[in-house]
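To start, the structure itself, in structure tokens.
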Amino acid sequence: MKSQKEERERVNKLYEWEDLRRSKVQHIAGVDEAGRGPMAGPVVAAAVILPAQPKIPNLNDSKKLSPKVRERLFGSILETSIAFGVGIRSARFIDEFGIVTATFSAMKTALQMLVLKGYEPGLVVVDGYPIPGLGMNQEALIKADNRIASVACASIVAKVIRDRMMAQFEGLYPGYGFSNHKGYCTKDHMERLRKRGPCPIHRRSFHPVRSLLT
30 MKSQKEERER VNKLYEWEDL RRSKVQHIAG VDEAGRGPMA GPVVAAAVIL
80 PAQPKIPNLN DSKKLSPKVR ERLFGSILET SIAFGVGIRS ARFIDEFGIV
130 TATFSAMKTA LQMLVLKGYE PGLVVVDGYP IPGLGMNQEA LIKADNRIAS
180 VACASIVAKV IRDRMMAQFE GLYPGYGFSN HKGYCTKDHM ERLRKRGPCP
230 IHRRSFHPVR SLLT
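First residue of the sequence shown: 30, per this note's numbering; consecutive thereafter.
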């Protein structure tokens, strides 16, 4: 269990990367996605621009947070951020163009939302790999969601929005357990899929689903 001082130092360290660049860049946008791996549901990307202050307490990579903490931080991010944008690509889009193209396309939409709101990023920092054909200055860093505040925020925004969507899909397509497994390839999901067959939000290009159709 970290002390309050250690926790403050950890959060401050998340902001260091951006703080060192603020004098040269007006708006730094962190970008991340949720939902690359599941066999059902959309891929969701988010872009977030943060102010230097206030810093968001308990901020962390979404994968290290409980759903309850993610929801709380989601509200703090929306209140604190200068601007945020979201991009969503459906299972059908993923099947047609592939998950990589769908992910980058969703990221571009999230960034375009920032521009439409009047906050064109001077620098984009993305978790993982560079976004092809972006037309903006960008840096791609491995595990950026664990190292950079705006990317950690983007990971939380994308995850919370996608989880909420999957809970809504549970109501549209009952019996698949989407609110529990969020579309990931769990044992429970596979059993339900074999019993019921795929529904409209299953990714037919993904092997577990495709194997049931051949």
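Idealized CB from N, CA, C, for every residue including glycine.
Practice item. Would you mind stating whether K211 and M195 have Cβ atoms separated by less than 7 Å? Key: yes
Exercise for review: State whether the segment 104 to 117 contacts the segment 198 to 215, with contact taken as three or more CB pairs (one from each stretch) at a distance under 8 Å.
Suggested key: no
Review point. Taking 6 Å as the cut-off, is the CB of A76 close to at least one heavy atom of the ligand HEM?
Key: This structure lacks the ligand HEM; in fact it carries no ligand of any kind.
Exercise for review: Please confirm if the segment 171 to 181 is in contact with the segment 31 to 44, defined as three or more CB-CB distances below 8 Å between the two stretches.
Suggested key: yes
Check your understanding: Among residues of its own chain, excluding the 5 on either side of P28, which ones have a beta-carbon nearer than 8 Å to its beta-carbon?
Key -> An answer regarding residue 28 cannot be provided, because it is not within the stretch 30 to 243 covered by the chain.
Practice item. State the start and end residues of the unbroken beta strand (DSSP E) segment that holds A112. Key: Secondary structure note for A112: its beta strand (DSSP E) is the uninterrupted segment A112 to R118.
Check your understanding: Taking three-plus beta-carbon pairs below 8 Å as touching, is the segment 164 to 171 in contact with the segment 77 to 93?
Key -> no
**Study point:** Alpha-carbon to alpha-carbon, T132 and G164
**Key:** 17 Å
Practice item. Take G66 as the anchor and find which of A120, M136 and P229 has the nearest alpha-carbon. Key: When each option's Cα is compared against that of G66, the closest is A120.
Practice item. From the DSSP output, in three-state form, read off D90 for me. Key: coil
Exercise for review: Report buried or exposed for R39, applying the criterion of at least 16 other Cβ atoms within 10 angstroms of its Cβ.
Suggested key: exposed
Point to revise | Contacting residues, own chain, Cβ-Cβ under 6 Å from I230 (five flanking each side not counted) | key: Excluding residues within five positions, the ones whose Cβ falls inside 6 Å are A69, G70, A120 and F198.
Review point. Is A183 closer than 7 Å to V60 when the C-beta atoms are compared?
Key: Between V60 and A183, the C-beta gap is smaller than 7 Å, which places the two residues in contact.
Exercise for review: Check the DSSP bridge columns for H231 and list the partner residues they point to.
Suggested key: H231 is bridged to A69.
Check your understanding: Which value, in whole angstroms, describes the spacing of the CA atoms of I57 and S179?
Key -> 8 Å
Check your understanding: Straight-line CA distance for D156 to A181?
Key -> 9 Å
Check your understanding: So K107 and I85 are in contact, right, with Cβ under 8 Å, and what is the actual spacing, rounded?
Key -> Note that residue 107 corresponds to Leu in the displayed sequence, not to Lys. Actually they do not touch by this definition, with Cβ atoms about 11 Å apart.
Practice item. Can you grab the Cα-Cα spacing for the pair Y202 / C228, in whole Å? Key: Cα to Cα, the separation comes out at about 7 Å.
Check your understanding: Beta carbon of M136, beta carbon of I160: below 7 Å?
Key -> yes
Review point. Cβ atoms of G64 and V73: under 7 Å apart, would you say?
Key: In this structure, V73 places its C-beta atom within 7 Å of the C-beta atom of G64.
Practice item. Helix, strand or coil for I160, going by three-state DSSP, please let me know. Key: In the three-state reduction of the DSSP assignment, I160 falls in the coil class.
Practice item. May I ask you to report which of helix, strand or coil DSSP gives E149? Key: In the structure shown, E149 adopts coil according to DSSP, grouped into three states.
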